[in-house]
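Data first, discussion second: the structure below is written as structure tokens.
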Amino acid sequence: MTSTQTHFGRNWNVMEKLGSEFRGKEHVVAWVVGIGMQEKRFGPYAQAEELSKNFEHVELAEVLRKAGVKKYKVYASDIEEKAISAAKRDLERGKLVVERSDLESRSEYGRRFFRLKAGSGGGVSCKLPKKTVDSIVLLGPGAGGNALLEKPGEKAHVILYLNGGYHLKDDEQKELSGVFAEAAETGGMVVTETRFFEEEHDNIALSNELEKLFGKPEIHDNNAYYRKSRWPAGHE
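This note's numbering puts the first residue of the sequence shown at 95, with every later residue one more than the last.
Next up, the structure:
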């Protein structure tokens with residue numbers, strides 16, 4: 095297993111845990127917040143192409159499919175319109191294209207989830223199963239590009255907010271934690287990172303508010319799992 099101290103190690107541990115958590119379930123709704131993108135030029139004269147960078151929405155859909163979940167849906171959102179556009183393009187053509195070095199860094203994912211093929215220049219692509227493509231619903235940025243993202247139209251059993259770096263103000267983080275609490279199904283969870291607890295981290299206010307709403311999180315491999323109980327935190 096990759097190191098839990100790395101971006102890819104943290105993601106890998108989350109995917110493994112969620113695969114076990116939901117194995118064989120009848121119905122799972124997930125919401126992945128912050129999918130990211132990057133530009134890569136293939137060759138000196140080629141046009142820049144927007145490539146998937148943080149593709150947890152695709153990975154989670156694959157995890158649920160391979161865990162035998164009968165009916166699953168993965169909502170994905172980002173504050174950047176171009177990130178949503180890049181993700182939409184990937185789904186329309188039925189394959190994910192990423193920078194070679196990115197997938198080499200997360201080779202655990204490549205071996206477990208994807209059949210990878212070298213593309214032109216620096217790209218690596220993998221074909222996405224139709225069931226995975228059909229399960230993903232892309233949500234646009236919030237009104238006016240507000241970082242407080244549009245939430246799914248149904249309650250989520252799991253909300254992933256990994257690698258977050260939106261530089262939100264404290265009041266925006268407080269509001270975002272409320273959005274997460276409203277969007278989560280009873281018994282569902284919000285997953286973030288333990289590095290958000292650090293005083294100098296951009297998301298410290300979010301972590302504090304989530305603890306008020308959900309209670310203390312479970313900690314597994316440098317990730318924090320906030321469970322939504324039937325009653326408010328402190329009144330179980």
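Ideal placement from N, C-alpha and C gives every residue a C-beta, glycine not left out.
Check residue i in the structure and name its three-state DSSP category.
| i | result |
| --- | --- |
| serine 219 | strand |
| glutamate 156 | helix |
| valine 163 | coil |
| glutamate 279 | strand |
| leucine 300 | helix |
| leucine 185 | helix |
| leucine 190 | strand |
Quick one, are the C-beta atoms of residue i and residue j less than 8 Å apart?
| i | j | result |
| --- | --- | --- |
| asparagine 105 | glutamate 150 | yes |
| valine 163 | lysine 119 | yes |
| valine 152 | leucine 222 | yes |
| valine 126 | leucine 154 | yes |
| glutamate 279 | alanine 250 | yes |
| serine 271 | leucine 233 | no |
| alanine 177 | isoleucine 129 | yes |
| valine 273 | asparagine 317 | no |
| glycine 37 | valine 227 | Nothing can be reported for residue 37, as the shown portion of the chain is limited to 95 through 330. |
Which partner residues does residue i have in the DSSP bridge list?
| i | result |
| --- | --- |
| leucine 254 | Val126 and Val285 |
| asparagine 316 | Answer is none; asparagine 316 lacks a bridge partner. |
| leucine 232 | Ala170 |
| arginine 321 | Met283 |
| histidine 151 | Beta-bridge pairing links histidine 151 to no other residue. |
By a C-beta neighbour count over all protein chains shown, 10 Å radius and 16 as the cutoff for buried, is residue i buried or exposed?
| i | result |
| --- | --- |
| serine 114 | exposed |
| histidine 287 | Rather than histidine, the amino acid found at residue 287 in this sequence is glutamate. Buried, by the Cβ-count rule. |
| histidine 121 | exposed |
| isoleucine 313 | exposed |
| lysine 167 | buried |
| glutamate 175 | exposed |
| glutamate 248 | exposed |
| glutamate 303 | buried |
| lysine 322 | buried |
| glutamate 156 | buried |
| aspartate 265 | exposed |
| lysine 165 | exposed |
| lysine 245 | buried |
If residue i sits next to residue j, beta carbons under 8 Å apart, how far is it from one beta carbon to the other, in whole angstroms?
| i | j | result |
| --- | --- | --- |
| alanine 181 | alanine 170 | 6 Å |
| tyrosine 319 | methionine 283 | 5 Å |
| cysteine 220 | leucine 190 | 5 Å |
Of all the CB atoms in chain C, is at least one closer than 8 Å to the CB of residue i?
| i | result |
| --- | --- |
| glycine 162 | The displayed structure is made up of one protein chain only, and chain C is not part of it. |
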